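Participant:
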Amino acid sequence: MSRSAVARGWLPVIPGPPVGEPAGAADSGGRCADPAGTWLGMRWRNQLRWRVNEQTIPAYLGDRARVVQSLRSAATTVDTGRNDCGLPANLGIDESYAGRTDHRAGVTAAGGCGERDGHNAVSFGRLEQGLLAVTCIWWFGGKENGRSVEADILIDDTEGLFFTTTPADCASRWDLEGTVTHEFGHAFGLGHVPFAEHGTQTMTDGLPDCSTAYRGLGLGDYLTLKQQYGTN
Ligand SMILES: [Zn+2]
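Letter 113 of the sequence shown, counting from 1, is numbered 113 in UniProt numbering, and no numbers are missing.
(1) Terminal residues of the continuous beta strand (DSSP E) containing Val122?
(2) Please specify which runs of the alpha helix (DSSP H), each continuous and at least 4 residues long, are wholly inside the stretch 84-166, giving them in chain order.
(3) Taking just the CA atoms, how far does Arg72 sit from Gly114?
(4) Buried or exposed: where does Asn120 fall if 16 or more other Cβ atoms within 10 Å of its Cβ makes it buried?
(5) For ligand 1, is there any heavy atom lying closer than 7 Å to the beta carbon of Gly205?
(6) Secondary structure at Thr200, three-state DSSP: helix, strand or coil?
(7) Which term fits Glu95, buried or exposed, when burial requires 16 or more other beta carbons within 10 angstroms of its beta carbon?
(8) In this structure, does DSSP put Arg72 in helix, strand or coil?
(9) Does the beta-carbon of His186, which I'm using as the reference point, lie nearer than 7 Å to any heavy atom of ligand 1?
(10) Can you check which of these residues, Thr101, Asp169, Leu131 and Cys210, is closest to Thr56 by C-alpha distance?
(11) Is it right to say Arg104 is buried, meaning 16 or more other beta carbons lie within 10 angstroms of its own, or is it exposed?
(12) Return helix, strand or coil for Asp209, following the three-state DSSP convention.
(13) Is it the case that the Cβ atoms of Leu219 and Arg82 are separated by a distance below 8 Å?
(14) Give me the residue from Ser148, Lys143, Thr76 and Gly130 with the minimum Cα distance to Gly118.
(15) According to DSSP, Arg51 sits in a beta bridge with which residue or residues?
(16) Just to confirm, are Thr135 and Ala187 a CB contact at a threshold of 8 Å?
(17) Sorry if obvious, but does the Cβ on His192 come closer than 7 Å to a heavy atom of ligand 1?
(18) Measure the C-alpha to C-alpha separation of Tyr60 and Phe140 and round it to an integer number of angstroms.
(19) Would you mind sorting Glu144 into buried or exposed? The rule is 16 or more other CB atoms within 10 Å of its CB.
(20) With 16 as the cutoff for other CB atoms within 10 Å, does Gln47 come out buried or exposed?
(21) Report yes if the C-beta of His103 is less than 7 Å from at least one heavy atom of ligand 1; otherwise report no.
(22) Looking at the structure shown, is Ala25 part of a helix, part of a strand, or coil, going by DSSP?
(23) Do Met203 and Asp175 have their CB atoms nearer than 8 Å?
(24) Quick check on DSSP: helix, strand or coil for Arg64?
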């Protein structure tokens with residue numbers, strides 16, 4: 001369903017069919033050779049100030065400060081365009097971590113969007129099986145060229161689902177930082193690219209377990225952000 005005709009809207013970004021059209025040739029050639037990316041439509045015109053609900057961080061992840069550091073590192077990656085391809089980290093994105101909040105992400109367990117509450121919250125909570133994390137974006141104006149006004153990220157709190165440092169004998173566990181880098185990509189407007197063709201990009205719709213390879217941006221992730229936010 002298109003929401004481009006309404007003055008405001010919301011969008012849950014969950015693993016599923018890719019949104020939009022590839023920004024470039026779709027030939028996958030590895031993380032720094034594949035230019036594919038998709039754009040959701042809306043973007044930020046001002047700074048995205050976000051907070052973490054530390055009370056919701058599951059105990060199994062250990063030190064909360066360490067967890068918050070992973071989240072902040074993920075946001076910084078998208079903010080600056082930190083990448084694995086030697087490209088300049090100079091994207092014109094503006095975000096800042098504003099500390100703790102008691103607010104929770106406005107994301108339902110089924111991966112839908114709830115009410116926007118004026119706070120950009122990252123929190124942990126229940127998500128139905130198969131969803132690692134979901135980002136909801138609220139915006140004004142049409143979806144195409146809309147102005148983003150809120151983004152919330154809900155991360156599944158299932159015991160043992162994530163790690164901050166790859167554990168020995170890792171199986172069916174996911175890198176928290178790489179996952180959240182992907183979610184901040186959504187928060188700023190990136191859509192998915194299909195895993196089968198573009199699985200090396202951070203915006204792939206399927207993140208492999210036990211891999212920390214998604215903490216930076218791939219070429220397609222980078223180029224798509226640069227096209228929207230870059231100053232050159
Ligand atoms: Zn996603």
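For every residue, glycine included, the Cβ atom is placed at its ideal position computed from N, Cα and C. Owing to the predicted nature of the structure, the values given are computational and were not obtained by experimental measurement.
Facilitator: The structure says:
(1) Element bounds for Val122: Asn120 to Gly125.
(2) The qualifying runs do not exist here; there are none.
(3) Roughly 24 Å separates the two Cα atoms.
(4) Label assigned to Asn120: buried.
(5) Checking the sequence shown, residue 205 turns out to be Asp, not Gly. The nearest non-hydrogen atom of ligand 1 is less than 7 Å from the C-beta of Asp205.
(6) The answer is coil: DSSP assigns Thr200 none of H, G, I, E or B.
(7) Burial call: buried.
(8) In the three-state reduction of the DSSP assignment, Arg72 falls in the helix class, which pools H, G and I.
(9) Flag set: Cβ of His186 near ligand 1.
(10) The candidate whose alpha carbon is nearest that of Thr56 is Thr101.
(11) When all chains shown are included, Arg104 counts as buried.
(12) Here Asp209 sits in coil by DSSP.
(13) No, the Cβ-Cβ distance between Leu219 and Arg82 is not below 8 Å.
(14) Measuring from the Cα of Gly118, the nearest candidate turns out to be Ser148.
(15) Ala121.
(16) Yes, they are a contact pair.
(17) Yes, Cβ of His192 sits closer than 7 Å to a heavy atom of ligand 1.
(18) Roughly 38 Å between the two C-alpha positions.
(19) Per the 10 Å Cβ criterion, exposed.
(20) Counting Cβ neighbours within 10 Å, Gln47 comes out exposed, since fewer than 16 surround it.
(21) Taking 7 Å as the cut-off, one finds no heavy atom of ligand 1 near enough to the beta carbon of His103.
(22) Below a pLDDT of 50, predicted positions are generally treated as unreliable, and Ala25, at 35, falls in that range; the measurement from the model is reported next regardless. Three-state result, Ala25: coil.
(23) In terms of Cβ geometry, Met203 and Asp175 do not form a close pair [threshold 8 Å].
(24) Helix at Arg64.
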